[in-house]
Amino acid sequence: MARVTKQAQTMIEQAIYLPMVLKILKRDLQIIETSELKLKRPYQDLIKDVFKKVERDLVAVLTYLQHEEITVNEVKRDETFTMYRFTYKGQEERHNYFNPRLKKQTENLLTYYFFQKNPYSVSPSADSSPAQ
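Residue numbering for the sequence shown follows my numbering, beginning at 265 and increasing consecutively.
Structure below.
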């Protein structure tokens with residue numbers, strides 16, 4: 265694969281994590297809507313606000329990837345790893361991501377969006393390895 269810049273690598277990872285964050289927020293919103301909470305609206309409003317921020321960031325990431333001719337696709341998933349295919353300017357590479365690490369990084373991003381704390385206490389790219 266052609267040399268991917270650090271910024272492109274960050275954007276590739278955001279293209280993996282941000283859809284996961286949106287999925288979690290959507291599911292949490294559904295849980296709150298059907299819950300027996302007395303005051304649902306503050307929680308719903310908070311989640312909807314965060315959802316909009318994540319969507320906005322995802323649009324920026326996807327725009328960047330399109331401009332740089334980068335595609336990111338999930339290829340397969342098992343109990344331990346999820347494989348993603350990256351295409352960069354016509355060249356393809358596959359990486360396995362450790363599922364517990366994907367979960368942790370998604371949790372870090374949720375923390376960031378809710379509390380504006382650093383989303384990466386650990387380097388985000390340390391969890392990927394080239395596929396064999």
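Note that beta-carbon positions come from the ideal geometry of N, C-alpha and C, so glycine has one too.
Residue i burial status per 10 Å Cβ neighbour count (16 or more: buried)
i, result
"Val331", "According to the sequence displayed, residue 331 carries His and not Val. His331 should be labelled exposed."
"Phe350", "buried"
"Ile295", "exposed"
"Leu374", "buried"
"Glu356", "exposed"
"Phe379", "exposed"
"Glu338", "exposed"
"Thr335", "exposed"
"Thr344", "exposed"
"Thr370", "buried"
"Arg267", "exposed"
"Gln271", "exposed"
"Glu333", "exposed"
"Leu329", "buried"
"Leu282", "buried"
Three-state class that DSSP yields for residue i in the structure shown
i, result
"Arg267", "coil"
"Glu343", "coil"
"Glu300", "coil"
"Lys290", "helix"
Boundaries (first-last residue) of the beta strand (DSSP E) holding residue i
i, result
"Lys368", "Element bounds for Lys368: not the beta strand (DSSP E) but the alpha helix (DSSP H), 363-379."
Run of the alpha helix (DSSP H) containing residue i, from where it starts to where it stops
i, result
"Thr327", "305-331"
Proximity test, Cβ basis, 9 Å: residue i and chain C
i, result
"Tyr352", "Absence of chain C from the displayed structure is noted, only one protein chain being present."
Opposing strand residues paired with residue i [DSSP bridges]
i, result
"Val336", "Phe350"
"Glu356", "Thr351"
Cβ-heavy atom distance, residue i to the ligand NAP, below 8 Å
i, result
"Leu366", "As for the ligand NAP, it is missing from this structure, which has no ligand bound."
**Prompt:** Is the stretch 273-289 in contact with the stretch 319-331, if contact means three or more CB pairs nearer than 8 Å?
**Reply:** Contact holds between the stretch 273-289 and the stretch 319-331, because three or more Cβ pairs, one in each stretch, are under 8 Å apart.
**Prompt:** Is the stretch 360-370 touching the stretch 299-312 in the sense that three or more CB pairs, one from each, lie closer than 8 Å?
**Reply:** Too few Cβ pairs lie closer than 8 Å, so no.
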